[in-house]
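The block underneath contains the structure these notes are about, expressed in C-alpha cells.
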Amino acid sequence: MNQVIRLSEIMAKADFEPESENASNCDAPPEPDTELLRMAEAILFAAAAPIDEKALSTSLPRGADVPALISELERIYAHRGVNLVKVAEKWQFRTAPDLAFLLRKEQPEQKRLSRAAMETLAIIAYHQPVTRAEIEDIRGVMLSKGTLDALMEVGWVKIRGRKRTPGRPVTYGTTEAFLVHFGLENVGHLPGVDELKAAGFFEASPLSGFDVPNPSDQLAPDEDPVDNEEVAPATGSPDPME
Amino acid sequence: MNQVIRLSEIMAKADFEPESENASNCDAPPEPDTELLRMAEAILFAAAAPIDEKALSTSLPRGADVPALISELERIYAHRGVNLVKVAEKWQFRTAPDLAFLLRKEQPEQKRLSRAAMETLAIIAYHQPVTRAEIEDIRGVMLSKGTLDALMEVGWVKIRGRKRTPGRPVTYGTTEAFLVHFGLENVGHLPGVDELKAAGFFEASPLSGFDVPNPSDQLAPDEDPVDNEEVAPATGSPDPME
Amino acid sequence: MSDFGEAFEHLVPAPSVEDALVVAVDGFEGPLDLLLSLARNQKVDLTKISVLDLADQYLEFIETIRGRNLELAADYLVMAAWLAYLKSRLLLPQPASEEGEPSADELASLLRWRLQRLQAMREAAARLMARDRLGREIFIRGMPEPVKIIRLPEHTDSLYDLLKAYSTQRLTRAGARSYRPVHAPVLLIEEARERLERMVGRIGNWSGLSRLLPAEWSGGVRRRSGLASTLLACLELARDGKLELRQLRPFDEIYVRDRGEPRAREAAL
Chain A
1 MNQVIRLSEI
11 MAKADFEPES
21 ENASNCDAPP
31 EPDTELLRMA
41 EAILFAAAAP
51 IDEKALSTSL
61 PRGADVPALI
71 SELERIYAHR
81 GVNLVKVAEK
91 WQFRTAPDLA
101 FLLRKEQPEQ
111 KRLSRAAMET
121 LAIIAYHQPV
131 TRAEIEDIRG
141 VMLSKGTLDA
151 LMEVGWVKIR
161 GRKRTPGRPV
171 TYGTTEAFLV
181 HFGLENVGHL
191 PGVDELKAAG
201 FFEASPLSGF
211 DVPNPSDQLA
221 PDEDPVDNEE
231 VAPATGSPDP
241 ME
Chain B
243 MNQVIRLSEI
253 MAKADFEPES
263 ENASNCDAPP
273 EPDTELLRMA
283 EAILFAAAAP
293 IDEKALSTSL
303 PRGADVPALI
313 SELERIYAHR
323 GVNLVKVAEK
333 WQFRTAPDLA
343 FLLRKEQPEQ
353 KRLSRAAMET
363 LAIIAYHQPV
373 TRAEIEDIRG
383 VMLSKGTLDA
393 LMEVGWVKIR
403 GRKRTPGRPV
413 TYGTTEAFLV
423 HFGLENVGHL
433 PGVDELKAAG
443 FFEASPLSGF
453 DVPNPSDQLA
463 PDEDPVDNEE
473 VAPATGSPDP
483 ME
Chain C
485 MSDFGEAFEH
495 LVPAPSVEDA
505 LVVAVDGFEG
515 PLDLLLSLAR
525 NQKVDLTKIS
535 VLDLADQYLE
545 FIETIRGRNL
555 ELAADYLVMA
565 AWLAYLKSRL
575 LLPQPASEEG
585 EPSADELASL
595 LRWRLQRLQA
605 MREAAARLMA
615 RDRLGREIFI
625 RGMPEPVKII
635 RLPEHTDSLY
645 DLLKAYSTQR
655 LTRAGARSYR
665 PVHAPVLLIE
675 EARERLERMV
685 GRIGNWSGLS
695 RLLPAEWSGG
705 VRRRSGLAST
715 LLACLELARD
725 GKLELRQLRP
735 FDEIYVRDRG
745 EPRAREAAL
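So the sequences go chain by chain: A, B and C. If you read the first sequence in the working numbering, its first letter stands for residue 1, the second for the next number, and so on. If you read the second sequence in the working numbering, its first letter stands for residue 243, the second for the next number, and so on. If you read the third sequence in the working numbering, its first letter stands for residue 485, the second for the next number, and so on.
Rendered as C-alpha cells:
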C-alpha cells in the first residue's frame, strides 16, 4: 500500500473552489510540499481534539512550514462539507456550519442552561476575570448557588485566580472547552465584543469607580493565579477542567 | 452563518491529484451536484460508525445519486492524507495507510535486565560458545525459561551453533548488537581476569586458580554452525531447537 | 465614599442571606430585570428612557403586588425606596451640588447605564447561545483515530553492570565450591527413641546400654553420638515410665531394663 506519489504529479488544486480562480490559471501555484500537506491533513483529521501548531510541528518532519500547510489546508477545505477551523488557538476539522440542518441530531439535548446561567456565562466570558460580586452587580441580583456550579460542571467556566482586593475574592473565567464548544478562536473573538467595548460596558461604571477590565485569558494585573489545590472550595464542586 | 455557496462557483476539481488529468482539461468535467457532495462528505466525516449507501441516501435529499457521490469523494480523497474506504460494504474516512506511522508515537522506555538475565548474559559473553547446561553449571542454578528468550528478544544473544556432544545441544553467543550496546570492538575485548582484578571486581577473591575464559566469536573446535533456517525464532517463546 | 456611593450600593441587592433571593416576581429575576422589562415597554431607546416614568411604573407595579398581599423580596423594596428617593430629587429644584456628590441627573443616567449594560449582556448571551455549537450544529470527526503510544525499550545496562554481574556471580560460585562444611555423623535422638520404643518389653533384665546401640552406631566416631542419643532416649522413656536405668558408679556401664507391669516384673524375677 505504500504508494509513492510523485510530488510533481500531485498538485493541490483548488478543490471545491470557485472556478474563476482556477480557470484563469491552470498551472499550479507554488504550494507546500504535498506529502507534508497529506501528513498535516491526516494528523488533523485523525485527532479527537483540536491541535495547536506546535504539536503539529512536532508530529511532522523537521522543518515543515506548519503555518503554510495549515493555511493551504484551510483554503482547500474552505468551501467543502468539512472545514479546517481555528478554535481556542488550535486547529480542528469540523463540519461546515451551513450543513447543520443535515447533521443536527435529535438527541435529547444535554441539560438546558437556565436563563440565569446563560447570562452568567456571557458575563463571565465578556468580563473575565470577574468575581461573583461583579457578576451580581451586572445582573442586579444575587447569584443562586447552583449557577456557577452548573457552568463549571459543563466545563465552560473555571476559577482563574483571586483578585488582589480585600477578601481576595475568587475570579472566574472561561475554559478552552468553552472556546471549542462555541467555535471561538479566543475570547477576543466573542461576538460583538468590540461593540460592547466601544459602548463602554467593560469600563468602570461611570460613577462608581468599579473596574471591569476587558475579557482576557491573561492574568489581570490585580489578579493572582489560584493554586490548583486551592481551587475547589469557592463553589463546592471542583472544576473538571483543571 | 448560513453561507450560501453558488454551485457554479464551486467545482470539485481534482484536488491533490495527478496533474496530467487536469492539465489536459481545464474545464470542470460533469460532476455530481457539489452541494450533495459537501453533504455526503460532512455526513461521512461526522458519522460515529461506518455508513452504508442506503443509510447515506436516507440522510441526503431525495434523489441524490449516492454511488456517484461516493465514487467522486473516493476519487477526490484517493491521494490525500485521508481516504474514503469501503469496509464490509460500509464507507468511512480513514487515515491513508502509508501515513499510519503518524498515528503512532514512539516513547522510549528505560529498561534494565533482571539480575538473572544479566548474569546469564555475562556468562554467555565470557564463555561463548556455551550451552544451556553449561550456563546452568556455571551459575549453579537452573535457567528459568524466559531468561534466554528475553536476552534473544533484546537482540544481545543468539544461537551460534550446536555442540558436537551427545544430544548436540545448541550453543549460545553474543551478537553484534551486544558489542554495539556495550561499546566493545569484539568479544575478545572483554576484560580478562587480571584487568577485572585491577579494576577491583575480584578484590575480595582469596582464591587461586580462578580463571576467566577468553571468549571468541570463532566457531569452537567442537561446535557446528547453525543453519540459517534453523535459527529463526530469535524472539519466540520456547526454543524449538531444544 | 460620597452619598452617591451609598446610593449606588443600594442598587445592588444587599447580599444579606446566601441564597435568600431567587424569588422571581412574576418571572422577574431581581429588580433590575423588572426595571429593564418596564423600560422596554416605553418602546424607546434605553439611552433616552425617562427615569421618572420608569420610577413611577416600578412603584405602581410594586403597589399592585403588595395590594395582592404577595410577599416581596427585600431588594425589590430597597429598589422601590431608592427610586422614590430618586424621583423626589428629580422633581425638586436642584440644590447646589456639593463637590463629589452626584446630582439626581447623574443618578438617573447611572440607572440608565446599568439597564443598558444588563440589556447588552443579555443580548450577548443570546448571541453566544445562538452560535453554531459543537455537537448541535457543528460536528467533529465521528471516528477519530487516536495516536497509539508505542513503548520503545531503551536498555540502560552498562558494561560495568555486565562485568559486575559476571565477577560477582563467579566469585559467589567459586566461594560456594571451595567451602564444604563437614557434617559430623549424628544419630538423632528421635531415631534412637523410635528404635528403643520398638525394643521395650524385649529388653528384659538389666542390659548394658552399650549393648543396646544400633550396630552401625556402636563403633568408631559414630559410637559417641550413638551412645549419647540412646542414653537420652532411655532417659525419656524412663521419664515416661517405660524403662528403668541404673549405674553403680560414675562412668560405669549404665544398665537398662523394662519397667513393664509390676506382676510381669515379679514373674521375671
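Glycine included, each C-beta is placed from N, C-alpha and C at the ideal position. Predicted, not measured: the structure shown is a model, and the values here were computed from it.
Is residue i helix, strand or coil by DSSP?
{"i": "B/Ile-285", "result": "helix"}
{"i": "C/Asp-641", "result": "coil"}
{"i": "A/Pro-225", "result": "strand"}
{"i": "B/Lys-347", "result": "strand"}
{"i": "B/Phe-424", "result": "helix"}
{"i": "A/Thr-165", "result": "coil"}
{"i": "B/Ile-365", "result": "helix"}
{"i": "C/Ile-622", "result": "strand"}
{"i": "A/Gly-200", "result": "coil"}
{"i": "A/Met-152", "result": "helix"}
{"i": "C/Lys-527", "result": "coil"}
{"i": "B/Val-454", "result": "coil"}
{"i": "A/Ile-138", "result": "helix"}
Considering only DSSP beta bridges, list what residue i is partnered with.
{"i": "A/Val-157", "result": "A/Thr-174"}
{"i": "C/Gly-692", "result": "C/Tyr-739"}
{"i": "C/Arg-635", "result": "B/Gln-349"}
{"i": "B/Thr-373", "result": "B/Thr-413"}
So, residue i versus residue j, is the Cβ gap smaller than 9 Å?
{"i": "A/Gly-173", "j": "A/Val-157", "result": "yes"}
{"i": "B/Lys-353", "j": "C/Thr-652", "result": "no"}
{"i": "B/Phe-335", "j": "C/Arg-598", "result": "no"}
{"i": "A/Thr-175", "j": "C/Ile-622", "result": "no"}
{"i": "A/Pro-61", "j": "A/Trp-91", "result": "no"}
{"i": "C/Leu-543", "j": "C/Leu-567", "result": "yes"}
{"i": "A/Met-39", "j": "A/Ala-64", "result": "yes"}
{"i": "A/Leu-219", "j": "A/Arg-132", "result": "no"}
{"i": "C/Ser-691", "j": "C/Arg-730", "result": "no"}
{"i": "C/Arg-743", "j": "C/Leu-727", "result": "yes"}
{"i": "C/Leu-680", "j": "C/Ala-717", "result": "yes"}
{"i": "B/His-369", "j": "B/Pro-455", "result": "yes"}
{"i": "A/Leu-190", "j": "C/Leu-602", "result": "no"}
Compare the C-beta of residue i against all C-beta atoms of chain C and say whether one is closer than 9 Å.
{"i": "B/Ala-288", "result": "yes"}
{"i": "A/Arg-104", "result": "yes"}
{"i": "A/Ala-198", "result": "no"}
{"i": "B/Thr-413", "result": "no"}
{"i": "A/Thr-165", "result": "no"}
{"i": "A/Gly-192", "result": "yes"}
{"i": "A/Glu-53", "result": "no"}
{"i": "B/Glu-277", "result": "no"}
{"i": "B/Gln-370", "result": "no"}
{"i": "A/Glu-176", "result": "no"}
{"i": "B/Met-384", "result": "no"}
{"i": "A/Ala-122", "result": "yes"}
{"i": "B/Arg-381", "result": "yes"}
Within 9 Å (strictly less), CB to CB, does residue i reach chain B?
{"i": "A/Glu-223", "result": "no"}
{"i": "C/Lys-648", "result": "yes"}
{"i": "A/Ser-59", "result": "yes"}
{"i": "A/His-181", "result": "no"}
{"i": "C/Gln-526", "result": "no"}
{"i": "A/Asp-118", "result": "Per the sequence shown, residue 118 of chain A should be read as Met rather than Asp. Closer than 9 Å: no."}
{"i": "C/Ser-587", "result": "no"}
So, does the CB of residue i fall closer than 9 Å to a CB anywhere in chain A?
{"i": "C/Arg-623", "result": "Per the sequence presented here, residue 623 of chain C reads as Phe, with Arg not at that position. Output row for C/Phe-623: interface = yes."}
{"i": "B/Ala-310", "result": "no"}
{"i": "C/Leu-602", "result": "yes"}
{"i": "C/Gly-551", "result": "no"}
{"i": "C/Glu-555", "result": "no"}
{"i": "B/Val-324", "result": "yes"}
{"i": "C/Arg-617", "result": "yes"}
Practice prompt. Would you list, in sequence order, the uninterrupted beta strand (DSSP E) runs of no fewer than 3 residues that lie entirely inside the region 288–342 of chain B?
Written response: 324–329 and 332–337
Practice prompt. Mind listing, in chain order, the continuous beta strand (DSSP E) runs of no fewer than 3 residues lying wholly within the region 694–735 of chain C?
Written response: 727–731
Worksheet item: Residue ranges of each alpha helix (DSSP H) run of no fewer than 4 residues wholly in the region 534–606 of chain C, ordered along the chain?
Response: 535–551 and 558–575
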